[in-house]
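First comes the structure, then the notes that go with it.
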Amino acid sequence: MTEIILYTSINAPIQIVFDCARSIDIHQLSTAKTNEKAIAGRLSGLCELGDEVTWRAKHFGIYQTLSSKITKLKAPFYFQDCMVKGAFSFIKHDHYFEEKKGVTEMKDVFSYGVPYGIFGEFFNKIILNKYMIALLTERNRVIKEVAEKE
């Protein structure tokens, strides 16, 4: 299992940041480099508890699909999405939000497992972990940019 923890400070109210983080449209904007699109389930707007989304994106030159579900939600402080189907052994992404003096601290705890035993672990250590950090960092950059303009 690999765990990535990221913190992003955003000069916007907690509700705006929370909504930006749940937005299908903002997610697609943040993943434009991989041409990620929602193709089934909720296709636009804000994800709510129980919503499922199937994404299609190009990673490492191959189009892949991944389905995730919002499994926990306590607005505007927390939500969790988990992979239902996809190339990973599992994905669990916890999103935490805390506002202090008009600045919202967004914390991501992104946990995942890779298949294929030691070969998967080797790929994760050499390439995948850095790739996932870059994807999440770009996502957070776009959330920050959009939220601070609201």
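Okay, so the sequence shown: first residue is 11 according to this note's numbering, each after it adds one. By construction, the Cβ of each residue, glycine as well, lies at the ideal position given by its N, Cα and C atoms. Note that the coordinates shown come from a computational prediction; the quantities given were computed from them, not determined experimentally.
Taking the beta strand (DSSP E) that residue i falls in, what are its first and last residues?
i           : result
residue 166 : With the chain running from 11 to 160 in the structure shown, residue 166 is simply not present.
residue 131 : Unbroken run through residue 131 is the alpha helix (DSSP H), 127-133; no beta strand (DSSP E).
residue 66  : 62-69
residue 107 : 100-110
residue 50  : 47-51
residue 13  : 12-20
residue 59  : Segment: none, residue 59 is in no beta strand (DSSP E) and carries neither H nor E.
residue 80  : 72-84
residue 119 : 113-123
Could you tell me whether the Cβ atoms of residue i and residue j are closer together than 8 Å?
i           : j           : result
residue 20  : residue 157 : yes
residue 13  : residue 121 : yes
residue 54  : residue 152 : no
residue 83  : residue 118 : no
residue 69  : residue 88  : no
residue 154 : residue 18  : yes
residue 160 : residue 31  : no
residue 34  : residue 63  : yes
Does the Cβ of residue i have 16 or more other Cβ atoms within 10 Å, making it buried, or fewer, making it exposed?
i           : result
residue 36  : buried
residue 11  : exposed
residue 125 : exposed
residue 45  : exposed
residue 75  : exposed
residue 140 : exposed
residue 28  : buried
residue 137 : exposed
residue 26  : buried
Along the chain, where does the alpha helix (DSSP H) that runs through residue i open and close?
i           : result
residue 140 : 139-159
residue 40  : 34-40
Write down the C-beta distance between residue i and residue j rounded to the nearest angstrom, noting that I regard them as a contact closer than 8 Å.
i           : j          : result
residue 107 : residue 24 : 5 Å
residue 80  : residue 66 : 19 Å between Cβ atoms; not a contact.
residue 96  : residue 77 : 6 Å
Establish whether the CB of residue i and some CB of chain B are separated by less than 8 Å.
i          : result
residue 44 : Given the protein chain composition of this structure (a single chain), no chain B is represented.
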